[in-house]
Amino acid sequence: MKRKRNKVVLIGVILTLTISTAAQAANVWAVDANGDITLNGSVFRVKGGSWFGLEGRHELSTDENNPGGAPLELYIGNVFYSSSSRTLASDAAEMKSMGFNCIRMPVAPQTLDDSDPQGNDPNLKNTEDVRIQGAFSALKEVVKACADAGLYVLLDMHSCSNYVGWRAGRLDARPPYVDANRDQYDFKREDCSCAASGNPSSVSRIQAYDVSKWLADLKTLAGMGAELGVDNIMGIDIFNEPWDYSWSEWSSLIDQAYSAISSVNPNILIFAQGISGSNGNQDGSPDTKNETPHGDMATNPNWGENLYEAGNSPPTMPKSKLVYSPHCYGPAVCTQPMFADVQSQPECAGLIEDAFGDAKCQIVINPAKLEPGWYEHFGYLKAQGYAICIGEFGGNMDWPNKAESRHQNRYSYLTNKNSDEQWQNAFVNYLIKAGIFDSFYWSINPESSDTYGIFTSPFDPISNKSGWGAWSGTDSRKLNLLAKLWNATGNGEPYEPEPYDPGAPVIPAEHGTGRRIFTCHVSSTGLITYSLPKAAFVSLRVYNVKGRLQSKIIGRQQEAGSYSINRRQMATASGSYVVVFKVGEYFHKQMVCLTN
């Protein structure tokens, strides 16, 4: 054992020397023509994880010193009420020894201000001898500790405010937020806003943010490596889960971020997440939100996952500096419609989160149902030569156990007690098939009851609340899952999953009404006629008898009405084919013999 430890230290020293030679030659990060991330011209596989806390924690309203606060302090597994020997340096070295080579470091605008009271005593909870006064000073120490350990850093602008936190879907986010009516929840922020104007009466704390402040902060982050004399900053994740923007809005902001960052440091990468299934929720007119295209309506994108429009309308910035970074999660983070078995429980169609649990919807993790959504939301970009690095995925593998007590109570009826672990395995299996090997796991530290972490914790939301902030061992299930992804190899062939077919060739009736969702007829000559009683997203694909996709004929939103497609539009040679017509989650599948 002693010899093995010495070997790890020696490797760490060698890698540290490699990263610390910025004075000799600056590291240059890029994306090659195959969509692979490169470091100084060589393909670099990102084996990353997020290490959070500096973007703003959320204190209980009953906290003795900082009730309802948002302290800016990194979790390191060494808090004053449960002291350990852990330090920034030892944590970083241990993360490196686990196989990580990159750390994603979330920050907020307030992190960049050493004078912010939430980054100083008496609001800090790490043990005094490892406590760092000033969040910006702490961030710099973390970057240097990572450099010393041989770890690269992705700086992540995680929100517009340490108080608003994860809720922010835009730079000027304002209430109402998605958790405004969440029951038994102590961390609501309806009193906080990032907007200078247009706020509801509930707002009493305004941390105004806008594009100009954001671009200035991105420049500060871009210059950090030079300021510290290190060269381990690989890129900037420009804004976390910008789910409240339309694609045209977000694409424009991506270009502005590139211009700002590259003016300071042209050698690093721009990480841009996706959007979501709606926009305009937080723009001051919450009653007039818009739907955002994301492909098949049966698979709802996670916040940050939706890159459906990116392929046809990409940003104008150089492709060689852009990394698309979608976020994907399973039921431990959000119970969504695609996790429900709507054939057995039709009443669960379209339900999400609390409504999903209140309806006692059972969870079935079906990769055949999930993979087409992942492909439409981001996977298709791989074949177009874009770099894709999953910015967040993970979850509480014991869910609903160890979740917040409100979740444990609501989901106690579930017969599937391993659904999130199943989801994580299904997701990694898809990534390997799709040739997407770069990722950042959420998270390394365990201070989230939605996800926990690679490090385990004695904390339990019911039986041991005082264990919060303490670390114990590591979760071998998660490390094994990551090793599978990190060590995977691809065959170089683009992967496109077949559309999910719930099994019946008969078109189901609309749940609860007895009316048809659509009517469709495919003639033996290839004439397709169909009628939509209401607007819907329509997909029409043609497959050969071996199941390989031959032609995509339709993939767009259509208004109510009657439509027809003739033989010439099928774009296939003579032969036997399977026509798959899909409206929402409903299918019509038919074998046809086409002639010229």
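Count the sequence shown with our numbering and you get residues 109 to 704, in order.
Note that the Cβ used here is the ideal one computed from N, Cα and C, for glycine as well.
From a predicted model like this one, the values you see are computed outputs, not experimental measurements.
Out of curiosity, what's the CA-to-CA distance linking residue i and residue j?
i: Val686; j: Tyr638; result: 17 Å
i: Ile341; j: Ser370; result: 13 Å
i: Gly465; j: Asp449; result: 13 Å
i: Tyr560; j: Val630; result: 50 Å
i: Ala255; j: Ser571; result: 38 Å
i: Thr407; j: Glu236; result: 47 Å
i: Phe152; j: Ser547; result: 12 Å
i: Trp137; j: Pro179; result: 33 Å
i: Thr627; j: Leu640; result: 7 Å
i: Gly149; j: Lys490; result: 19 Å
i: Met332; j: Asp287; result: 35 Å
i: Ser520; j: Pro508; result: 7 Å
i: Gly62; j: Gly242; result: Outside the displayed range of the chain (109 to 704) lies residue 62, so it cannot be described from this structure.
i: Glu202; j: Ile344; result: 24 Å
i: Ser198; j: Phe447; result: 40 Å
i: Pro613; j: His696; result: Model confidence at Pro613 stands at a pLDDT of 35, short of 50, so the residue's coordinates are unreliable; what they give is reported in the following sentence. The alpha-carbon atoms of Pro613 and His696 are separated by roughly 6 Å.
i: Arg624; j: Glu484; result: Note that Arg624 scores a pLDDT of 46, beneath 50, so its modelled location is shaky; the value from the coordinates is reported in the next line. Spanning the two alpha carbons is a distance of roughly 26 Å.
i: Ile615; j: Ser684; result: Reliability fails at Ile615, whose pLDDT of 33 lies under 50, so the model's placement of it is uncertain and no value is given.
i: Val250; j: Asn553; result: 14 Å
i: Ser305; j: Arg282; result: 9 Å
i: Ser192; j: Phe563; result: 14 Å
i: Lys690; j: Leu702; result: 20 Å
i: Lys204; j: Ile145; result: 20 Å
i: Leu162; j: Glu298; result: 22 Å
i: Leu147; j: Pro175; result: 45 Å
i: Arg518; j: Gly227; result: 35 Å
Looking only at C-alpha atoms, which of the options sits nearest to residue i?
i: Leu232; options: Asp299, Asn410, Phe188; result: Phe188
i: Gln453; options: Lys468, Thr443, Cys442; result: Lys468
i: Pro480; options: Glu512, Asn414, Tyr494; result: Asn414
i: Ser513; options: Asp294, Asn375, Gly683; result: Asp294
i: Asp318; options: Glu399, Asp280, Gln390; result: Asp280
i: Gln677; options: Val650, Val691, Gln698; result: Val650
i: Tyr549; options: Pro214, Asp287, Gly164; result: Pro214
i: Leu336; options: Ala253, Trp531, Val691, Phe208; result: Ala253
i: Val688; options: Ser682, Gln698, Thr680, Ala681; result: Gln698
i: Ile473; options: Lys525, Gln381, Thr582; result: Lys525
i: Trp71; options: Trp579, Thr597, Pro475, Gly581; result: This structure gives no information on residue 71, because the portion of the chain shown stretches from 109 to 704.
i: Gly669; options: Gln658, Lys660, Phe645; result: Phe645
i: Asn674; options: His696, Val272, Leu648; result: Leu648
i: Val311; options: Pro284, Cys497, Ile552, Phe535; result: Pro284
i: Leu635; options: Thr564, Ser584, Tyr671, Ile346; result: Tyr671
i: Ile498; options: Ser682, Ser421, Gly487; result: Gly487
i: Gln666; options: Leu522, Asn270, Asp404, Leu478; result: Asp404
i: Gly207; options: Lys248, Val338, Asn595, Ala643; result: Asn595
i: Asn186; options: Ala681, Tyr416, Trp579; result: Trp579
i: Asn270; options: Asn517, Ser421, Gly164, Thr170; result: Gly164
i: Ala324; options: Asp506, Glu167, Gln218; result: Gln218
i: Leu168; options: Lys573, Ser309, Asn307, Arg585; result: Lys573
i: Cys442; options: Asp558, Val700, Lys427; result: Asp558
i: Gly239; options: Ser320, Ser190, Glu181; result: Residue identity differs from the one stated: residue 239 is Arg in this sequence, not Gly. The candidate whose alpha carbon is nearest that of Arg239 is Glu181.
Taking Cβ to Cβ, would you say residue i is nearer than 7 Å to residue j?
i: Ala365; j: Leu326; result: yes
i: Lys538; j: Trp482; result: Reading off the sequence, residue 538 comes out as Tyr, not Lys. Going by C-beta atoms, Tyr538 is nearer than 7 Å to Trp482.
i: Pro566; j: Gly575; result: yes
i: Asn504; j: Ala440; result: yes
i: Cys436; j: Phe501; result: yes
i: Gln444; j: Ile460; result: yes
i: Asn389; j: Lys397; result: yes
i: Ala216; j: Ser158; result: no
i: Tyr494; j: Gly143; result: yes
i: Asn375; j: Ala134; result: yes
i: Leu259; j: Ile211; result: yes
i: Ser356; j: Pro423; result: no
i: Cys300; j: Arg290; result: no
i: Phe244; j: Leu262; result: no
i: Trp351; j: Gly277; result: yes
i: Cys302; j: Val338; result: no
i: Leu593; j: Val536; result: yes
i: Gln381; j: Gly412; result: yes
i: Pro434; j: Tyr416; result: no
i: Asn387; j: Tyr353; result: yes
At a cut-off of 6 Å, is residue i close to the ligand MG when judged by its beta-carbon and the heavy atoms of the ligand?
i: Ala324; result: With respect to small molecules bound, the structure shown includes none, and the ligand MG cannot be examined in it.
Would you please state the rounded distance, in angstroms, between the beta carbons of residue i and residue j? I believe it to be under 8 Å.
i: Lys510; j: Asp462; result: With 8 Å as the limit, Lys510 and Asp462 do not qualify as a contact, their Cβ atoms being about 19 Å apart.
i: Ile540; j: Ile496; result: The pair is not a contact, with the Cβ atoms about 13 Å apart (cut-off 8 Å).
i: Ala200; j: Ala257; result: 4 Å
Any chance you could list the beta strand (DSSP E) runs of at least 3 consecutive residues sitting entirely within the region 355-405, in chain order?
377-380
Output the residue ranges of the beta strand (DSSP E) runs that lie fully inside the region 512-564 and measure 3 residues or longer, sorted by chain position.
546-549
Residue ranges of each beta strand (DSSP E) run of no fewer than 3 residues wholly in the region 205-286, ordered along the chain?
210-215, 260-265
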